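Structure, as structure tokens:
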Amino acid sequence: MVALTETDRSMGASRAEIPDRRRQARKLSLVLVCLLALAIVINLALGASGTSLWGALAKLASGTPLDMMERVVLWDIRLPRVVLCTLVGAALAVSGAVMQGLFRNPLADPGLVGVGAGAGLGAILSIVLGGFLPVALQEFFGAYVTPAAAFLGGWGSTLILYRVSTRGGRTSVATMLLAGIALGALAGAVSGVLIYMADDQQLRDLTFWQMGSLAGATWEKSLIAGPVIVLSIAGATWLAHGLNCLALGEAAAAHMGIPVQRMKNAAIFSVAAATGVAVAATGGIGFVGIVVPHVLRLATGPDHGTLLPNAALLGATLLLGADLISRTLIAPAELPIGIVTAVLGAPVFLWILLKRRGLVDQ
Amino acid sequence: MTLQATHINLTLGQKSILRDVSLTAQAGEVTAIVGPNGSGKSSLLKVLVGEQPASGEVLLNGQTLTSYRPWELASLRGVLPQATVLAFPFTVLEVVRLGLAAGPDANHPDLPFEALAQVDLDGYAGRFYQELSGGEQQRVQLARVLAQVWRPLREGRPCWLFLDEPVSSLDIAHQLTVMEITRRFAQNGGGVIAVMHDLNLTAMYADRVQIMHAGQSAGAGPVPEILTDSRLSQVYGCPLRTSVVPQNAGVFVLPQAARQTAPAPPAA
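First to last, the sequence lines map onto chains B and U. So that you can map any letter, position 284 of the first sequence is 284 in full-length UniProt numbering, and since no number is skipped, the others follow by simple counting. So that you can map any letter, position 260 of the second sequence is 260 in full-length UniProt numbering, and since no number is skipped, the others follow by simple counting.
Rendered as structure tokens:
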């Protein structure tokens, strides 16, 4: 054995030539932080009403009180929407990356494999049947009922999905995608029955919610979603080393000192929590969870230690961009943001399939 | 210090995989597990590393496997699987660094390069793992395991390497390179347990052999006692003779001959 202190100097040259993807990823983080800040400012500045962010800021700086219009547009409409959009974008991208690490496949995405549908079912259940809860419970949970139900739905479907598609520590991609279709269909059918049962007011709520829109963003929704999303993203980055080891297989990860079962439970919990509150707040927004991690892996590699934080930043930026398009393309009407992300994301997904067919045909 | 497995029984479904197998491996030695296909070699190794629950007892350095915390076990022993498919496009260096981070030497950034040099993959650090050949991937995995368990002895206690067919997909030169690594690890006080198919390499490098036959141990001991004509013929179901130069056999290549003409491993 070579002693630890002994290094081969002749190898110095070849080592320097190896691109250090960790350093590149950290540089990319800085760029992404700037892009996110830019996107936040643009989204605050632009909107259907034509209210000027700069005018309002100038008033604030000079101590002049804002007029009613400025207060409502900036503080009650645009700012909560930007906050919720940032949170949800980060949640969707990080959930996608964690799920892909957990299933060891770049095609796993909560929206595609039925987790989003399960969370949606939970949300619909709470909207339609929430009235049957005892009044005391309703008052206790208040606005948390729908997010909590969405979380439970997402959690249950992730557990079923993992159970069905993973045998002996190996995940079958075909089984995972097919099980996702089945789960999605089942959730859709039950949701259909519930929609049939719903009264007019509930139907309005449901339709609004199902379109996948940020138009309903309020401070209350942001305050509910915020802590859950921030905690689950923080928890996910804490799992980064475990997810890296898991890429070698469950057995190898265990031999590398990872408490695999506990880590998988934590990952599933974090995915379900983030997806659940995101779906409850904004409905189904697809493809962010698959496009963002894929682009980042191409750019700086699959190390989850840098992939997860960068996914949060890029996911938030991307969703702010999509929201800007959805608000301004046919203003003053709005395009549901789910349509924008699908138009942008679905071709990327097809491109991944085309380039790396081996992912599915194993 | 030893690895000691006693009365291991393993049944999967209706099928009995291992029946009352016991195995003792000493630190400072290379212990080989040999036997025909399906005789339970790899299953036994999986039980020894705790990957496959089975009845019986496995003691590593005198303690049961379950009494160690996951990270303690990871700093005490490395496990090399037969083949590893990677889910994402990691580079060779990133794979070896995963092993480094799992072991107790995580603050030695040069160690992955030294581990790669040992397995004759100098200059491969920046390459993509998924683009390498099977044999090269196998050596990257060995480098990862070595980066995790770099020192054969830690605070006076032996560390262990568990290798499942470490040379099965390698050319003869790299088979010798890898077996030399196992021998050095053992000579410096560590313990090595390897599932082997190649009986010549086993004879050259193993201190002890455990031979498996239909889920049972068919003998354990030093090489000359175990690799005998009658035992091998019976276990492998094929008339075999050891140390006999065949008459009129044409060309044959033995790893033993490579060792005599070039004492240093070819790649070092």
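C-beta: ideal position from N, C-alpha, C; glycine also. Just so we're clear, the structure is a prediction, and the values are computed from it rather than from any experiment.
- Residues of the stretch 247–258 of chain B with a Cβ closer than 8 Å to any Cβ of chain U, in chain order: Ala-247, Leu-248, Gly-249, Ala-251, Ala-252, Ala-254, His-255, Met-256, Gly-257 and Ile-258.
- Close partners of His-241/B in chain U (Cβ separation under 7 Å): Ala-101.
- Remark: C-beta atoms of Leu-76/U and Leu-98/U do not approach each other more closely than 8 Å.
- Around the beta carbon of Phe-132/B, fewer than 16 other beta carbons lie within 10 angstroms, which makes this residue exposed.
- The C-beta of Gln-137/U comes no closer than 8 Å to any C-beta of chain B.
- Under the 8 Å Cβ criterion, the stretch 62–69 of chain B does not count as touching the stretch 290–310 of chain B, having fewer than three qualifying pairs.
- Around Cys-245/B, the beta-carbon contacts reaching into chain U at under 8 Å are Leu-98 and Ala-102.
- Close CB contacts of Gly-301/B within its chain, under the 6 Å cut and outside five residues either way in sequence, are with Arg-21 (chain order).
- For Asn-9/U, the uninterrupted beta strand (DSSP E) segment begins and ends at 2–12.
- Considering only Ala-173/U, Ala-125/U and Ser-22/U, the residue with the shortest C-alpha distance to Ala-258/U is Ala-173/U.
- The Cβ atoms of Leu-232/U and Thr-242/U sit closer than 8 Å to each other.
- Only residues of its own chain outside the window of five on either side were considered, and among them Ala-119, Gly-122, Ala-123, Gly-276, Val-279 and Ala-280 have a CB closer than 6 Å to the CB of Ala-150/B, listed in chain order.
- Every unbroken stretch of the alpha helix (DSSP H) spanning 4 or more residues and falling wholly within the stretch 251–307 of chain B is given here in chain order: 260–282 and 288–300.
- In the three-state reduction of the DSSP assignment, Val-135/B falls in the helix class.
- With contact defined as three or more Cβ pairs closer than 8 Å, the stretch 263–273 of chain B and the stretch 85–100 of chain B are in contact.
- Interface with chain B (8 Å Cβ-Cβ cutoff): Glu-180/U is excluded.
- By the neighbour-count criterion, in which 16 or more other beta carbons inside 10 Å mark a residue as buried, Tyr-196/B falls on the exposed side.
- Note that the stretch 104–120 of chain B does not touch the stretch 77–89 of chain B; fewer than 3 beta-carbon pairs, one per stretch, sit closer than 8 Å.
- DSSP places Met-69/B in the helix class (H, G or I) of the three-state scheme.
- Taking 8 Å as the Cβ-Cβ cut-off, the stretch 168–197 of chain U approaches chain B at Arg-184, Phe-185 and Asn-188, given in chain order.
- Identification of chain U residues near Asp-303/B by a Cβ-Cβ cut-off of 7 Å yields Glu-94, ordered along the chain.
- Counting only residues of its own chain and dropping the five nearest sequence neighbours on each side, Ala-249/U has no CB closer than 6 Å to any other CB.
- Here Met-69/B is exposed: its Cβ has fewer than 16 other Cβ atoms, across all protein chains shown, within 10 Å.
- Look at the stretch 40–59 of chain U: the residues with a C-beta under 7 Å from a C-beta of chain B are Val-49 and Glu-51.
- The C-beta of Ile-18/B comes closer than 8 Å to at least one C-beta of chain U.
- For the pair Gly-191/U and Trp-160/U, the CB atoms are nearer than the 8 Å cut-off.
- Selection Gln-118/U, Gly-215/U, Thr-66/U and Leu-227/U evaluated against Asn-9/U yields Gly-215/U as nearest (Cα-Cα).
- Secondary structure of Met-196/U (DSSP, three-state): coil.
- Contact annotation for Asn-105/B against chain U: Ala-87 [CB-CB distance below 8 Å, chain order].
- Looking at the backbone, the Cα of Leu-239/B and that of Ala-143/B are separated by about 30 Å.
- Neighbours of Leu-10/U across chain B, judged by C-beta separation under 7 Å, do not exist; the nearest C-beta is about 15 Å away.
- Residue pairing from DSSP places Phe-162/U in a beta bridge opposite Val-79/U and Ile-193/U.
- Unbroken beta strand (DSSP E) runs of no fewer than 3 residues, entirely contained in the stretch 79–152 of chain U, are not found.
- CA-CA distance, Ala-58/B to Thr-51/B, rounds to 13 Å.
- The CB of Arg-297/B comes closer than 8 Å to the CB of Phe-88 and Pro-89 in chain U, given here in chain order.
- When the beta-carbon positions are compared, Val-30/U and Asp-171/U stay at least 8 Å from each other.
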